[in-house]
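With the first letter of the sequence shown counted as 1, position 22 gets the number 46 in the working numbering; the numbers rise by one all the way through. What follows is a set of notes on a single structure, which appears directly below.
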Amino acid sequence: MTPDEQIAKMTKAINQAIKVLGDPFGSSPGDATRSIQALKESLLKDVPPPVAPKVPLPTPAPAAS
25 MTPDEQIAKM
35 TKAINQAIKV
45 LGDPFGSSPG
55 DATRSIQALK
65 ESLLKDVPPP
75 VAPKVPLPTP
85 APAAS
């Protein structure tokens with residue numbers, strides 16, 4: 025998701041939350057729950073999965089004479 029797309033998603037979620045939470049008698053509890061969930065989702069960034077660090081293999085010790 026591009027930064028512009030994320031900003032648009034966040035703006036839409038914020039406006040919806042203001043509308044739903046600002047008028048508790050005109051919306052259902054489900055509307056408020058969905059609005060808050062949309063806000064949470066809009067804050068999540070697309071983060072690639074973490075890459076496990078490569079652990080070097082131990083080098084064999086030289087043979088003792």
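In this text, a Cβ means the ideal position worked out from N, Cα and C, and glycines have one as well.
Kindly indicate which three-state DSSP category residue i falls into: helix, strand or coil?
i   : result
L45 : helix
L63 : helix
A37 : helix
T57 : helix
K27 : Correcting the residue identity first, residue 27 is Pro in this sequence and not Lys. Three-state result, P27: helix.
Going by CA-CA distance only, name the one from the options that's closest to residue i.
i   : options               : result
M34 : L45, A62 and P84      : A62
K64 : P80, T26, T83 and A41 : A41
So, is residue i buried or exposed, given that buried needs 16 or more other C-beta atoms within 10 angstroms?
i   : result
A93 : Nothing can be reported for residue 93: it is not among the residues displayed for the chain, which extend from 25 to 89.
S52 : exposed
So residue i packs on residue j, CB below 8 Å; how close in whole Å?
i   : j   : result
A56 : L68 : Incorrect: roughly 20 Å between the Cβ atoms, too far for contact.
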